[in-house]
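Working notes for the structure below.
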Amino acid sequence: MRPDKVLLVDDEEEFLEVLGERLRRRGLEVRTATNGLDAIRLARDEPFDAVVLDLAMPGMDGLQTLRELLDVQPRLQVMILSGRATVQTAAEAVQLGAVEILEKPADIDALMERIRTARGTRLALDEQATQEQIEDILRTRGW
Amino acid sequence: MRDSHRFRRTVPGGEALFGRLVAGSTHELTNVLNIIGELAGLQDDILRDAAAGDAPDSGRLAELAGRIHSQTDRGQELLRQLNRFAHSVDRTGEAYDVCDMLECLVALTERFARLTRTQLELRPPLEEMTLVGDPFAMLVAVSACLDAALGASDAARRIRLLAERASGAVRITVESGDPIPTAPPELLEAIDAAVGRGCGRIVQTPSSTDPHRFVLELSDVRSADVMTTEDTHAP
């Protein structure tokens, strides 16, 4: 089985680098982006089991990035990890499709657990989508 | 804070600036603490792996410790500037170094500049520029100009702050590489009120002929003689 693949997005480069290394040590495949545009570019090129996304970033902010990531990969499991999520932004993020709102600092084991859960959900959604596609083909082709 | 300043007359826009800079700085300090937390966590990870049989990489542990020290220095510097800013409120009528205050403002505004991907630069002056007046009011006025420039930051994304002597006064210029829209009357009023309390005046605001700069001039309260006892010890 391939390792869980996660995309970390945060404008604090050192935070990103160190958290990335800690997750890799725990067996994850980790990609990082320091801004929303790079994150979207990566999501266009490769599938991720989960995205861990900061809210306050230069240029495109976290909510806008979330919107566009879900346009690119609609079944993506995006978790917000922020030091400044207000109730309002958290509610907005959930409404847009974020699956978790985590507050910094997040306990690494708790974060790992959530990433594993996200992968499970992603696999189930992919399976469901495949099933629907098969049923659709069977219906439209009349086999 | 000394008792005589507990009831100082407020500077228009002062509370908003205080809230904004304290909020921005505490977010920045949270970032610093989060990085320290992760660096310490990584050291724990390395030691845990060592306990499981791998030899600990002492060089790596030392490197991580060095990075923790760097982040601690970053946090200390931010706290130093925040403390200096907080005390500007109770220094009305005292001598202050204009450039020290501007350096403090630039340090605390850095986060907002970064979020708009703008480079903020304080051009170092050639001499110390000490004034007696109201440093907090000066900061409120300059910050309002900076905000207007940051709000208009677009292609060049570069803002410079300059302080220079001008016939006994100190002239402060906020200069943007991008054109700043003509300031609305309420912004001009706010700047005028703040700079007035800081014992100064607006020399230039962005206009169609020069849309790139605000220029403020601050005089020494001892020479201008415009600050009253009521101003510093009201009500």
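In order, the protein sequence lines correspond to chains A and B.
All you need for the numbering used here is the position in the first sequence, starting with 1, plus 2.
All you need for the numbering used here is the position in the second sequence, starting with 1, plus 1456.
The beta carbon of each residue, even a glycine, is placed where N, CA and C say it ideally should be.
Going along the chain, which residues of the segment 1492-1521 of chain B sit with their C-beta nearer than 7 Å to a C-beta in chain A?
Those would be 1493, 1494, 1495, 1497, 1498 and 1501, in chain order.
Which value, in whole angstroms, describes the spacing of the CA atoms of residue 1643 of chain B and residue 1600 of chain B?
Along the second sequence, one-based indexing puts residue 1643 of chain B at 187. Along the second sequence, one-based indexing puts residue 1600 of chain B at 144. One C-alpha to the other measures close to 8 Å.
Pair within 7 Å by beta-carbon distance, residue 1597 of chain B and residue 1651 of chain B
Within the second sequence, residue 1597 of chain B is the residue found at index 141, counting from 1. Within the second sequence, residue 1651 of chain B is the residue found at index 195, counting from 1. Yes, the Cβ-Cβ distance between residue 1597 of chain B and residue 1651 of chain B is below 7 Å.
So what does DSSP say about residue 36 of chain A, is it helix, strand or coil?
Along the first sequence, read from residue 1 onward, the residue named residue 36 of chain A stands at position 34. Here residue 36 of chain A sits in coil by DSSP.
Could you name the residues of the segment 36-65 of chain A whose beta carbon sits closer than 8 Å to any beta carbon of chain B, in the order they occur along the chain?
58, 59, 60 and 61
Contained alpha helix (DSSP H) runs [length at least 4] in the segment 8-35 of chain A, N- to C-terminal order
15-27
Given residue 1593 of chain B as reference, the closest of B:1522, B:1632, B:1558 and B:1664 once Cα atoms are compared:
Counting from one through the second sequence, the residue named residue 1593 of chain B turns up at place 137. From the listed residues B:1522, B:1632, B:1558 and B:1664, the smallest Cα separation to residue 1593 of chain B is found for B:1558.
Take every Cβ of the segment 1490-1501 of chain B, pair it with every Cβ of the segment 1523-1533 of chain B, and state whether three or more of those distances are shorter than 8 Å.
yes
Start and end of the beta strand (DSSP E) containing residue 1553 of chain B?
Start at 1 with the first residue of the second sequence, and residue 1553 of chain B comes out as number 97. Boundaries of the beta strand (DSSP E) harbouring residue 1553 of chain B: 1550-1553, taken from the DSSP string.
Where does residue 64 of chain A land, buried or exposed, given buried means 16+ other C-beta within 10 angstroms?
Against the first sequence, residue 64 of chain A aligns to sequence position 62. Buried, since its Cβ has 16 or more Cβ neighbours within 10 Å.
If we ignore side chains and look at the alpha-carbon of each, how far apart do residue 1690 of chain B and residue 1568 of chain B end up?
As a first step, residue 1690 of chain B must be located in the second sequence, where it is residue number 234. As a first step, residue 1568 of chain B must be located in the second sequence, where it is residue number 112. Because the pLDDT of residue 1690 of chain B is 36, which lies under 50, any placement of that residue in the model is unreliable, and the question is left without a value.
Given 8 Å as the limit, is there contact between the segment 1570-1585 of chain B and the segment 1529-1540 of chain B, that is, 3 or more CB pairs closer than that?
Cβ pair count under 8 Å is below three, so no.
Beta-carbon separation of residue 23 of chain A and residue 7 of chain A under 7 Å?
Position 21 of the first sequence, counted from the start, is the residue given in the question as residue 23 of chain A. Position 5 of the first sequence, counted from the start, is the residue given in the question as residue 7 of chain A. No. Outside cutoff.
Closer than 7 Å to chain A by CB, residue 1548 of chain B
Walking along the second sequence from the start, residue 1548 of chain B turns up at place 92. Taking Cβ atoms only, chain A never reaches closer than 7 Å to residue 1548 of chain B, which makes this a no.
Cα-Cα separation, residue 1506 of chain B to residue 1499 of chain B
Looking up residue 1506 of chain B in the second sequence gives position 50. Looking up residue 1499 of chain B in the second sequence gives position 43. About 11 Å.
State yes or no: is the beta carbon of residue 1686 of chain B nearer than 7 Å to at least one beta carbon in chain A?
The residue labelled residue 1686 of chain B in the question sits at position 230 within the second sequence. The predicted model places residue 1686 of chain B with a pLDDT of 39, which falls under 50 and marks its position as unreliable; any figure quoted below should be read in that light. So no, residue 1686 of chain B is outside the interface.
Could you name the residues that DSSP lists as bridge partners for residue 1670 of chain B?
Position 214 of the second sequence, counted from the first residue, corresponds to residue 1670 of chain B. Looking at the DSSP assignment, residue 1670 of chain B forms a beta bridge with B:1630.
My assumption, with CB atoms under 8 Å, is that residue 37 of chain A sits in contact with residue 13 of chain A. Please give the rounded CB distance.
Within the first sequence, the letter at position 35 stands for residue 37 of chain A. Within the first sequence, the letter at position 11 stands for residue 13 of chain A. Taking the Cβ atoms as the reference, residue 37 of chain A lies roughly 6 Å from residue 13 of chain A, within the contact range of under 8 Å.
If you reduce the DSSP assignment to three classes, tell me which class residue 1544 of chain B lands in.
Translated into the one-based positions of the second sequence, residue 1544 of chain B becomes position 88. Helix.
For chain A, find out if any of its Cβ atoms is closer than 7 Å to the Cβ of residue 1570 of chain B; answer yes or no.
As a first step, residue 1570 of chain B is located in the second sequence; it is residue number 114 there, counting from the start. By this cut-off, residue 1570 of chain B is an interface position.
Would you say residue 85 of chain A faces chain B, with C-beta separation under 7 Å as the test?
Counting from 1 along the first sequence, the entry for residue 85 of chain A is found at position 83. The beta carbon of residue 85 of chain A falls within 7 Å of a beta carbon belonging to chain B, placing the residue at that interface.
Would you tell me roughly how many angstroms separate the C-alpha atoms of residue 1602 of chain B and residue 1661 of chain B, rounded to the nearest one?
Here residue 1602 of chain B refers to the residue found at position 146 of the second sequence. Here residue 1661 of chain B refers to the residue found at position 205 of the second sequence. In a straight line, the C-alpha of residue 1602 of chain B is about 12 Å away from that of residue 1661 of chain B.
Taking all protein chains shown into account, do 16 or more other C-beta atoms lie within 10 angstroms of the C-beta of residue 1539 of chain B, making it buried, or fewer, making it exposed?
Stepping through the second sequence from its first residue, residue 1539 of chain B is reached at position 83. Counting every other CB atom within 10 Å of its CB across the protein chains shown gives residue 1539 of chain B a total below 16, marking it as exposed.
Kindly identify the DSSP beta-bridge partner or partners of residue 81 of chain A.
Position 79 of the first sequence holds residue 81 of chain A. Paired residue(s): A:54 and A:102.
Chain A contacts made by the segment 1464-1487 of chain B, where a contact means CB separation under 8 Å
1483, 1486 and 1487
Based on Cα-Cα distance, which residue from B:1541, B:1674 and B:1516 lies nearest to residue 1649 of chain B?
Along the second sequence, one-based indexing puts residue 1649 of chain B at 193. That would be B:1674, whose Cα lies nearest to the Cα of residue 1649 of chain B.
Presumed contact (8 Å Cβ cut-off) between residue 112 of chain A and residue 79 of chain A, rounded CB distance
Position 110 of the first sequence, counting from 1, holds the residue named residue 112 of chain A. Position 77 of the first sequence, counting from 1, holds the residue named residue 79 of chain A. Their Cβ separation, rounded to whole angstroms, is 15 Å, which puts residue 112 of chain A and residue 79 of chain A out of contact at 8 Å.
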